[in-house]
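Asker:
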Amino acid sequence: MNPAAAFVAALALLWGGLWGSFLNVVVYRVPAGLSVVHPRSRCPHCSTPITWWQNIPVLSWLMLRGQCFQCKAPISLRYPAVEVVAAALSLAVVQPWLPALLDAEFASWRLWLVILAEQAFVFCWLAIALIDADTFLIPDVMSLPLPLAGLALAAVVGAERGVSWQQSAAGSLVAGGGLWLVQWSYGRLTGREGLGFGDVKLLAGMGALLGIQAIPAVILAAAVQGLLFAVGYAALSGGKAMQERGLQSLRHLALPFGPFLVLAAVQWLLCQRMLLPLLQAYLDGQPLLGAG
Ligand SMILES: [Zn+2]
Numbered sequence: 011m012n013p014a015a016a017f018v019a020a021l022a023l024l025w026g027g028l029w030g031s032f033l034n035v036v037v038y039r040v041p042a043g044l045s046v047v048h049p050r051s052r053c054p055h056c057s058t059p060i061t062w063w064q065n066i067p068v069l070s071w072l073m074l075r076g077q078c079f080q081c082k083a084p085i086s087l088r089y090p091a092v093e094v095v096a097a098a099l100s101l102a103v104v105q106p107w108l109p110a111l112l113d114a115e116f117a118s119w120r121l122w123l124v125i126l127a128e129q130a131f132v133f134c135w136l137a138i139a140l141i142d143a144d145t146f147l148i149p150d151v152m153s154l155p156l157p158l159a160g161l162a163l164a165a166v167v168g169a170e171r172g173v174s175w176q177q178s179a180a181g182s183l184v185a186g187g188g189l190w191l192v193q194w195s196y197g198r199l200t201g202r203e204g205l206g207f208g209d210v211k212l213l214a215g216m217g218a219l220l221g222i223q224a225i226p227a228v229i230l231a232a233a234v235q236g237l238l239f240a241v242g243y244a245a246l247s248g249g250k251a252m253q254e255r256g257l258q259s260l261r262h263l264a265l266p267f268g269p270f271l272v273l274a275a276v277q278w279l280l281c282q283r284m285l286l287p288l289l290q291a292y293l294d295g296q297p298l299l300g301a302g
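Just add 10 to the spot in the sequence shown (first one is 1) and you have our numbering.
Now the structure itself:
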């Protein structure tokens, strides 16, 4: 890797880590209806404000050995874990664009818009996944802007991203509308009211960003991975967790769907840039991995 690419990669990691730190605040405060900017972060145990050096992504947690500087209350491993994941996602989004970014001919504000917007989506999805896992709810304030943002992005840099505004609009309507119909019918049939349709808005946003071509794979991958997780969770806990929660069978194990949708959408976004070019090369008849 040349020095310029390494520098951009390091910057992307730092950028993602800082956003991860902010996402921890969002995940904690948004479901509680608190402001994400005010007041400053405090130790939830002793309320001592957290200073800047105790707030450096990952490093501070390591330096503090996972304890509050003041009261020694343990700080959850989830905080640095979210920062690491956000940093890795930030780099993963930048990576396919690195050659173009370092090529003066292709580097432009449009390229930066693609990268920053895709990162914004991924960070937003990460926060939504964590909030859904915690509370079984997806806040409208986070899910509702995404379909519009995805459509706007497709209108401006659709050519660069390979998602036209038509594909974006169709993806949003088909994905959101389809899931809405499923949830609505399910509610009607089972008489279970109170579905928040958070997943519908989330999936509509994914359709808008990734285009209609992504929707079948995203839904299938989310459903399969959700099912595998449920089976694995039940098997690993040896039925103990099920008993504790008074569940007779796997059918009664309620899992939020949001985190699995997010997982699948991120997988699509990242794989598309690596797998589709390979597939394209194969279809074009170019030798692939020595075969052909
Ligand atoms: Zn404390």
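Think of the CB as a built atom: it goes at the ideal place given N, C-alpha and C, for glycine as much as any other residue. Just so we're clear, the structure is a prediction, and the values are computed from it rather than from any experiment.
Given a cut-off of 8 Å on the beta-carbon distance, is the pair I222 and Q177 in contact?
Answerer: Yes.
Asker: Mind checking whether the beta-carbon of Q64 lies closer than 7 Å to any heavy atom of ligand 1?
Answerer: Not so, every heavy atom of ligand 1 lies at least 7 Å from the Cβ.
Asker: How many Å lie between Y292 and A20 at the Cα?
Answerer: Cα to Cα, Y292 sits roughly 33 Å from A20.
Asker: What span of residues does the alpha helix (DSSP H) with C281 cover, start to end?
Answerer: First-last of the alpha helix (DSSP H) with C281: 268-293.
Asker: In chain order, what residues of the same chain lie with their CB nearer than 6 Å to the CB of G204, ignoring the 5 residues before and after it?
Answerer: Low confidence applies here, because G204 scores a pLDDT of 49, under 50, leaving its location unreliable; read the following figure in that light. Correct list: empty, nothing qualifies.
Asker: Just tell me which of L279, K211, P269 has its CA closest to the CA of V233.
Answerer: The sequence shown places Ala at residue 233, rather than the Val named in the question. Among L279, K211, P269, the Cα nearest to that of A233 belongs to P269.
Asker: If you count every other CB in all the chains shown that lies within 10 Å of the CB of C81, and 16 or more means buried, which is it?
Answerer: Exposed is the call here.
Asker: Counting Cβ pairs, one atom from each stretch, are 3 or more of them under 8 Å apart for the stretch 70-89 and the stretch 98-113?
Answerer: With the cut-off at 8 Å, the stretch 70-89 and the stretch 98-113 do not touch.
Asker: Near V276, which residues of its chain fall below 8 Å by C-beta distance, leaving aside the five closest residues on each side in sequence?
Answerer: Only L99, V132, W135 meet the Cβ criterion.
Asker: Bridge partners of P84, per DSSP?
Answerer: P84 is bridged to Q77.
Asker: Using a Cβ-Cβ cut-off of 8 Å (strictly less than) and excluding sequence neighbours within five positions of L147, which residues of its own chain qualify?
Answerer: Closer than 8 Å at Cβ, skipping near neighbours: P41, I141, G206, G208.
Asker: Within 7 Å: the Cβ of T58 and any heavy atom of ligand 1?
Answerer: Indeed, a heavy atom of ligand 1 lies less than 7 Å from the Cβ.
Asker: With a threshold of 7 Å (Cβ to nearest heavy atom), would C281 be considered close to ligand 1?
Answerer: Not so, every heavy atom of ligand 1 lies at least 7 Å from the Cβ.
Asker: Any chance the stretch 213-221 sits against the stretch 148-159, with 3 or more Cβ pairs inside 8 Å?
Answerer: They touch, by the three-pair rule.
Asker: Taking Q64 as part of the alpha helix (DSSP H), name the residues at either end of that continuous run.
Answerer: It is not in any alpha helix (DSSP H) - Q64 carries neither H nor E in the DSSP assignment.
Asker: Closer than 7 Å: is that where the CB of A83 sits relative to any heavy atom of ligand 1?
Answerer: Because some heavy atom of ligand 1 lies under 7 Å away, the Cβ of A83 counts as near it: yes.
Asker: What did DSSP end up calling R50 once you bin it into helix, strand or coil?
Answerer: R50: coil per DSSP, three-state reduction.
Asker: Q80: beta carbon under 7 Å from a heavy atom of ligand 1?
Answerer: The answer is yes for Q80.
Asker: Please confirm whether W279 and E128 have their CB atoms less than 8 Å apart.
Answerer: As written in the sequence, residue 279 is Leu, which differs from the Trp given in the question. Against a cut-off of 8 Å, the Cβ pair of E128 and L279 comes out as a contact.
Asker: With a Cβ-Cβ cutoff of 8 Å, do A97 and G27 count as a contact?
Answerer: It is a contact, given that the beta carbons lie within the stated cut-off.
Asker: Please report the residue range of the alpha helix (DSSP H) in which I138 lies.
Answerer: From DSSP, the alpha helix (DSSP H) with I138 extends over 119-145.
Asker: Got a sec? Which residues, its chain only, sit under 8 Å from V95 by beta carbon, not counting five neighbours each side?
Answerer: The answer, listed in chain order, is G30, L136.
Asker: Heavy atom of ligand 1 less than 7 Å from the Cβ of H8, yes or no?
Answerer: A question about residue 8 goes unanswered here, because the residues of the chain that appear run from 11 up to 302.
Asker: Leaving out five residues on either side along the sequence, give the residues of the same chain with a beta carbon under 6 Å from the beta carbon of L87.
Answerer: The answer is none, since no qualifying residue turns up.
Asker: Which one of V241, G160, M152, R39 has the shortest CA to CA distance from P54?
Answerer: When only C-alpha atoms are compared, the closest one is R39.
Asker: Going by alpha carbons, who is nearest to E93 out of L212, R52, V37?
Answerer: Nearest option by C-alpha distance: V37.
Asker: Nearest-angstrom Cα distance between V173 and A164?
Answerer: Straight-line Cα distance between these residues: approximately 6 Å.
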